[in-house]
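First the structure, in the form of structure tokens, and then the observations on it.
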Amino acid sequence: DQQVKQNSPSLSVQEGRISILNCDYTNSMFDYFLWYKKYPAEGPTFLISISSIKDKNEDGRFTVFLNKSAKHLSLHIVPSQPGDSAVYFCAALLRGKLIFGQGTELSVKP
Amino acid sequence: GAVVSQHPSRVICKSGTSVKIECRSLDFQATTMFWYRQFPKQSLMLMATSNEGSKATYEQGVEKDKFLINHASLTLSTLTVTSAHPEDSSFYICSASPANNEQFFGPGTRLTVL
Chain A
111 DQQVKQNSPS
121 LSVQEGRISI
131 LNCDYTNSMF
141 DYFLWYKKYP
151 AEGPTFLISI
161 SSIKDKNEDG
171 RFTVFLNKSA
181 KHLSLHIVPS
191 QPGDSAVYFC
201 AALLRGKLIF
211 GQGTELSVKP
Chain B
18 GAVVSQHPSR
28 VICKSGTSVK
38 IECRSLDFQA
48 TTMFWYRQFP
58 KQSLMLMATS
68 NEGSKATYEQ
78 GVEKDKFLIN
88 HASLTLSTLT
98 VTSAHPEDSS
108 FYICSASPAN
118 NEQFFGPGTR
128 LTVL
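First to last, the protein sequences are chains A and B. Residues 111 to 220 in my numbering are what the first sequence lists, from first letter to last. Residues 18 to 131 in my numbering are what the second sequence lists, from first letter to last.
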């Protein structure tokens with residue numbers, strides 16, 4: 111039972127344009143959502159998070175939007191840069207445990 | 018700050034042998050450490066949660082006798098895969114958490130069982 115889903119396994123974007131990564135969840139008890147960036151053969155690194163009581167959080171080029179009624183969140187990266195190419199994981203926090211989505215591989219082309 | 022290391026980064030072993038993976042928090046004390054497993058193109062799946070000095074709590078479907086976890090100090094946790102089989106081949110990642118719930122991830126260990 112996949113409680114956190116990232117339905118797009120990959121996304122390709124041109125440098126300078128916006129990247130939008132999507133994530134859906136099923137459990138309304140999740141109280142915090144996080145996005146992680148992961149390079150091959152490395153552990154995930156924290157990118158940005160949002161509390162369930164907020165609908166938007168912005169940090170530089172990264173913005174996370176949360177739509178609780180739709181149980182959907184998205185990560186916007188603008189402008190996208192080639193160095194953003196990586197696998198992005200959406201995760202939800204429940205009672206101290208992280209539940210991850212399957213990841214979306216972002217490729218930003220120069 | 019908040020650096021977590023794992024050793025080894027890669028291990029290849031024969032079927033039936035046991036493999037120990039170490040996870041260390043280098044510059045902070047970790048109240049809790051987590052062990053995850055990731056199969057190719059899949060999400061990180063939480064295997065177990067360990068608190069220093071107490072027994073690990075395993076997620077449903079994870080065999081505690083096969084995946085032995087020891088959290089002997091506030092900076093070290095070990096995962097031992099006992100009697101490893103090819104289906105145990107995976108990417109194992111640990112994370113360490115100080116008291117504030119934030120998790121810092123190690124670089125992972127690639128286990129290949131022949």
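Note that beta-carbon positions come from the ideal geometry of N, C-alpha and C, so glycine has one too. Keep in mind it's a predicted model, so treat the numbers as computed, not measured.
Rounded to a whole number of angstroms, what is the C-alpha to C-alpha distance between residue i and residue j?
| i | j | result |
| --- | --- | --- |
| A/Asn137 | B/Ser100 | 36 Å |
| A/Phe156 | B/His88 | 24 Å |
| A/Gln116 | B/Cys40 | 28 Å |
| B/Pro103 | B/Leu128 | 9 Å |
| B/Arg54 | B/Ser107 | 7 Å |
| B/Gly123 | B/Leu61 | 13 Å |
| A/Pro150 | B/Ser71 | 33 Å |
| B/Cys30 | A/Val188 | 44 Å |
| A/Trp145 | B/Val21 | 19 Å |
| A/Asp194 | A/Ser118 | 17 Å |
| B/Val36 | B/Val98 | 5 Å |
| A/His182 | A/Tyr198 | 16 Å |
| B/Leu131 | B/Asp105 | 10 Å |
Output yes if chain B places a C-beta closer than 8 Å to the C-beta of residue i; else output no.
| i | result |
| --- | --- |
| A/Phe175 | no |
| A/Ala151 | yes |
| A/Gly170 | no |
| A/Pro220 | no |
| A/Phe143 | no |
| A/Lys207 | yes |
| A/Gln212 | yes |
| A/Phe140 | no |
List the residues that DSSP assigns as beta-bridge partners of residue i.
| i | result |
| --- | --- |
| B/Glu69 | Paired residue(s): none; B/Glu69 is not in a bridge. |
| A/Leu216 | A/Leu121, A/Ala196 |
| B/His24 | B/Glu39 |
| A/Ile158 | A/Trp145 |
Taking 6 Å as the limit between beta carbons, can you name the residues of its chain near residue i, skipping five residues before and five after?
| i | result |
| --- | --- |
| A/Ile160 | Phe143, Asn167, Val174, Leu176 |
| B/Trp52 | Met64, Ala65, Leu96, Cys111 |
| A/Asp169 | Ile158 |
Which residues in the same chain have their Cβ closer than 7 Å to the Cβ of residue i, if we skip the five residues on either side of it in sequence?
| i | result |
| --- | --- |
| B/Thr34 | Ala101 |
| B/Thr74 | Ala65, Thr66 |
| A/Phe140 | Ser162, Ala202, Leu203, Leu204 |
| B/His24 | Glu39 |
| A/Phe210 | Val114, Phe199, Ala201 |
Cβ of residue i less than 8 Å from any chain A Cβ?
| i | result |
| --- | --- |
| B/Gly125 | yes |
| B/Phe122 | yes |
| B/Ile110 | yes |
Can you list, in chain order, the residues of its chain whose CB lies under 8 Å from that of residue i, leaving out five sequence neighbours each side?
| i | result |
| --- | --- |
| A/Gln124 | Ser190, Val218, Lys219 |
| B/Ala116 | Thr48 |
| A/Ile128 | His186, Ile187, Val188, Pro189, Ser190 |
- For the region 57-86 of chain B, enumerate the residues whose C-beta is nearer than 9 Å to any C-beta of chain A, in chain order. Going along the region 57-86 of chain B in chain order, one finds Lys58, Gln59, Ser60, Leu61, Met62, Leu63, Thr66, Glu76 with a Cβ nearer than 9 Å to chain A.
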